[in-house]
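*Asks:* For reference, the structure I am asking about is given below.
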Amino acid sequence: MFELIALLSFGDQGWGDELLKGLGVTLALAFATVPFALIFSFLVAWSKEAPNRFLRMAGHGYTTLFRSLPEILTLIIIYYQSQAILNSFTSLFLPGISISINPFVAGMLALTLVFSALGSEVVRAAYRAVGKGQLEASYSVGLSSRKAFLNVILPQMWRHMLPAFGNLWLILLKDTSLVSIIALSDIVRYTNMAIATTKEPFFFYTVLALVYVSLSFISGRGQMLIERRVNRNMVGGR
Amino acid sequence: MAHSDQKTPAKIIISISALNKWYGDLHVLRDIDLDVKKGERIVIAGPSGSGKSTLIRCINYLEKYQGGKIVVDGVELIDDRKIIENIRREVGMVFQSFNLFPHLTILENCTLGPIQGLDLPKEQAIEKAMHFLNKVNIPEQADKYPGQLSGGQQQRVAIARSLCMNPDVMLFDEPTSALDPEMVKEVLDIMVSLAKEGMTMLCVTHEMGFAKEVADRVIFMDEGQIMEQNNPVEFFTNPQHERTKEFLKQIFF
């Protein structure tokens with residue numbers, strides 16, 4: 064037992080520092096993806112509610128595409144295919160120069176695409192849940208649609224979006240593990256390296272599982288605090 | 015403010031002519047012609063689905079229409095953002111379901127329009143909001159949230175919120191229909207006092223007592239048309255149209 068724990072120590076003998084570094088990459092990727100995924104969720108949701116037919120079609124097409132592709136396929140396409148396409152382009156103009164996409168950026172991009180497709184539905188549902196009456200009331204006191212959205216609609220949307228976004232966050236956190244296949248050294252990749260060296264798969268996978276469970280527990284707590292804050296003024300329905 | 019006892023010829027503040035609206039194949043407003051004079055109090059009655067709510071919602075362009083025109087205070091409603099926003103600032107509206115902003119305090123509900131819509135400084139907006147909250151008898155609720163108030167109180171806040179914009183006209187869309195019976199009176203009392211001060215009002219309501227007390231004109235609508243309009247005494251004692259008689263029989267048992 065003690066030999067196993069020693070495997071987690073820091074320094075040359077143990078894997079503790081590597082795993083921590085991997086955890087850092089995992090968290091960095093998840094946190095870096097969130098703002099983009101959020102912004103794109105709103106943009107895609109907005110395009111799906113737009114008066115323009117082509118914008119609506121584009122929004123729905125985007126959602127359908129990235130919801131139906133397995134995340135791992137999106138990631139592979141972004142990382143390998145787009146690299147190939149980019150290079151065939153650049154070779155036309157700049158022969159001899161090859162571009163390689165940073166795996167971290169590729170991971171962020173792929174995860175953003177997937178989670179904004181899912182998130183756009185959350186945003187749309189929240190927008191509808193706030194109700195037309197709120198928009199009409201804002202208009203009736205002379206607000207422009209932009210001011211109505213910022214002052215009245217958006218603050219009320221968070222309440223409806225938070226539970227679903229909490230779920231998406233957990234899925235995102237777990238999906239970051241997919242980047243280990245495109246040579247990004249996240250915690251899963253380091254775990255696999257540790258297992259290859261030490262031949263202790265059961266131990267290291269258990270440690271990995273505990274890490275993910277703790278992350279999810281902390282996320283749940285965080286979500287609870289945010290929800291409480293957002294709901295603090297909501298007394299008795301309407 | 016023009017008092018009803020003044021003898022100067024009142025100016026026309028809303029002019030609706032040949033208004034037509036369809037929802038798909040459904041013809042919901044048919045050739046509506048209506049002029050509203052400044053200071054006039056109009057009650058619009060009719061069965062549900064007769065188009066009465068739709069009509070007043072057209073006046074501040076919450077509903078678009080396909081034919082005819084509406085002129086508010088000399089400005090024709092056209093599909094132009096600035097014009098529509100300006101008209102909405104002059105025309106207050108009170109909704110059946112209150113539609114207060116649940117995430118804002120009562121005071122903030124009343125100051126949002128003046129601050130964001132009229133660019134009024136915050137202190138002035140607050141002063142004005144307190145003035146009108148006093149007027150609807152709930153200044154002590156200013157720091158509460160809508161969810162903490164009764165329906166009647168919420169509707170009174172909604173009236174105050176509209177008044178804070180200093181509207182020339184107030185539209186009421188069944189303001190008491192969603193209230194418990196014992197709260198109807200507190201809202202109607204506010205509306206009566208507004209009417210007595212000379213506010214131009216268009217009220218869609220089933221409160222015939224209110225119509226008798228304050229209306230200058232009662233309009234009866236059915237199937238998207240104005241079937242009959244008259245002063246309340248004539249309207250209630252001597253209805254002309256068969257459909258009006260039937261309707262009055264229904265509501266007075």
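Sequence lines, in order, name chains A and B. Counting in my numbering, the first sequence tops out at residue 301, every number present. Counting in my numbering, the second sequence tops out at residue 267, every number present. Built from N, CA and C at the ideal position, the CB exists for glycine as well. Since the structure is predicted, the reported quantities are computational estimates derived from the model, not experimental observations.
Quick one: measure Cβ to Cβ for A:L67 and A:G77, integer angstroms, because I've assumed they're closer than 8 Å.
*Replies:* Contact flag wrong, Cβ pair sits at about 11 Å.
*Asks:* Taking 8 Å as the CB-CB limit, is B:I26 close to chain A?
*Replies:* No, B:I26 does not count as interfacial toward chain A.
*Asks:* Mapping the DSSP letters down to three states, classify B:N34 as helix, strand or coil.
*Replies:* DSSP places B:N34 in strand when its eight states are reduced to three.
*Asks:* Of the residues that make up the stretch 192-212 of chain A, which ones have a beta carbon closer than 7 Å to any beta carbon in chain B?
*Replies:* Cβ contacts with chain B: G196, Q197, E199, A200, Y202, S203, V204, G205, L206, S207 and K210.
*Asks:* Do you know offhand how far A:I234's Cα is from A:A246's?
*Replies:* C-alpha separation (whole angstroms): 21 Å.
*Asks:* I'd like to know whether the C-beta atoms of A:L118 and A:S110 end up nearer to each other than 8 Å.
*Replies:* Yes, the Cβ-Cβ distance between A:L118 and A:S110 is below 8 Å.
*Asks:* Return the residues of the stretch 114-144 of chain B that lie within a Cβ-Cβ distance of less than 7 Å from chain A, sorted by chain order.
*Replies:* The stretch 114-144 of chain B vs chain A, Cβ under 7 Å: F115, P116, H117, L126, G127, Q130, G131 and L132.
*Asks:* Which chain A residues are close to B:G106, counting only those with a beta carbon under 9 Å from its beta carbon?
*Replies:* Those are S203 and V204, listed as they occur along chain A.
*Asks:* Note down the Cα distance separating A:I135 from A:L241, rounded to an integer number of angstroms.
*Replies:* Their Cα atoms are separated by approximately 6 Å.
*Asks:* Return the residues of the stretch 212-236 of chain A that lie within a Cβ-Cβ distance of less than 7 Å from chain B, sorted by chain order.
*Replies:* Answer set for the stretch 212-236 of chain A: N214, V215, P218 and Q219.
*Asks:* Counting only the same chain and skipping the five closest in sequence on each side, list residues whose C-beta sits under 8 Å from that of A:I216.
*Replies:* Y190, V193, Q197, L198 and S201.
*Asks:* Along chain A, which residues have their Cβ under 8 Å away from the Cβ of B:N74?
*Replies:* Within chain A, the residues near B:N74 are Y202 and S203.
*Asks:* Among B:I26, B:K52 and B:Q80, whose alpha-carbon lies nearest the alpha-carbon of B:D39?
*Replies:* Nearest C-alpha to B:D39: B:Q80.
*Asks:* Quick one: what's got a C-beta closer than 6 Å to A:G122's C-beta in the same chain, skipping five residues either side?
*Replies:* So the list reads V107, S110 and K111, once near-sequence residues are dropped.
*Asks:* Three or more C-beta pairs closer than 8 Å, one from the stretch 165-175 of chain B and one from the stretch 104-118 of chain B: is that the case here?
*Replies:* Yes, the stretch 165-175 of chain B is in contact with the stretch 104-118 of chain B.
*Asks:* Buried or exposed: which applies to A:L213, given that a residue is buried once 16 or more other Cβ atoms fall within 10 Å of its Cβ?
*Replies:* Flag for A:L213 reads exposed.
*Asks:* Taking only beta-carbon atoms, is A:G300 less than 8 Å away from chain B?
*Replies:* Bear in mind that the predicted position of A:G300 carries a pLDDT of just 45, short of 50, making it unreliable; the figure below should be weighed with that in mind. For A:G300, the answer is yes, since a Cβ of chain B falls inside 8 Å of its Cβ.
*Asks:* Just grab the DSSP bridge partners of B:H220 for me.
*Replies:* None, per the DSSP bridge assignment.
*Asks:* For B:K25, is the beta carbon positioned less than 7 Å from some heavy atom of the ligand PLP?
*Replies:* With respect to the ligand PLP, the structure offers nothing, as it holds no ligand at all.
*Asks:* Flag this pair as yes or no: are the beta carbons of B:V218 and B:I58 separated by less than 8 Å?
*Replies:* Yes, Cβ-Cβ distance for B:V218 and B:I58 is below 8 Å.
*Asks:* In the DSSP assignment, find the alpha helix (DSSP H) that holds A:D80 and state where it starts and stops.
*Replies:* Looking at the DSSP string, the run of the alpha helix (DSSP H) that includes A:D80 is G79 to K111.
*Asks:* By the three-class DSSP mapping on this structure, what secondary structure does A:G285 have?
*Replies:* In the structure shown, A:G285 sits in a helix (DSSP, three-state: H, G or I).
*Asks:* Have a look at the DSSP bridge pairing and note the partners of B:T214.
*Replies:* The partner list for B:T214 (beta bridge, DSSP) reads B:V183.
*Asks:* Could you give the C-beta distance for B:R103 and B:M179, rounded to a whole number, given that I count them as a contact under 8 Å?
*Replies:* That belief holds up - the Cβ atoms of B:R103 and B:M179 are roughly 6 Å apart, short of 8 Å.
*Asks:* Could you compute how far the alpha carbon of B:E260 sits from the alpha carbon of B:E90?
*Replies:* C-alpha separation (whole angstroms): 36 Å.
*Asks:* Decide yes or no for the touch test of the stretch 276-289 of chain A against the stretch 246-264 of chain A: beta carbon pairs closer than 8 Å, at least 3 of them.
*Replies:* The stretch 276-289 of chain A is not in contact with the stretch 246-264 of chain A.
*Asks:* A:G170 lies in the alpha helix (DSSP H); which residues open and close that run?
*Replies:* Note, A:G170: alpha helix (DSSP H), P166 to V193.
*Asks:* So, for A:A173: in the same chain, excluding its five sequence neighbours on each side, which residues have a beta-carbon less than 6 Å away from its beta-carbon?
*Replies:* Taken in chain order, the residues that qualify are T137, L138 and I141.
*Asks:* Only counting the same chain, and skipping five residues up and downstream in sequence, which positions put a Cβ closer than 6 Å to that of A:G300?
*Replies:* At A:G300 the pLDDT is 45, less than 50, meaning the model places this residue with poor confidence; the figure from the coordinates comes in the next sentence. Once the five neighbours on either side are set aside, A:G300 has no close Cβ partner at all.
*Asks:* Helix, strand or coil for B:K25, going by three-state DSSP, please let me know.
*Replies:* B:K25 falls in the coil class under three-state DSSP.
*Asks:* Just verifying my parser: in three-state terms, what is the DSSP assignment at A:M297?
*Replies:* If DSSP states are grouped into helix, strand and coil, A:M297 belongs with coil.
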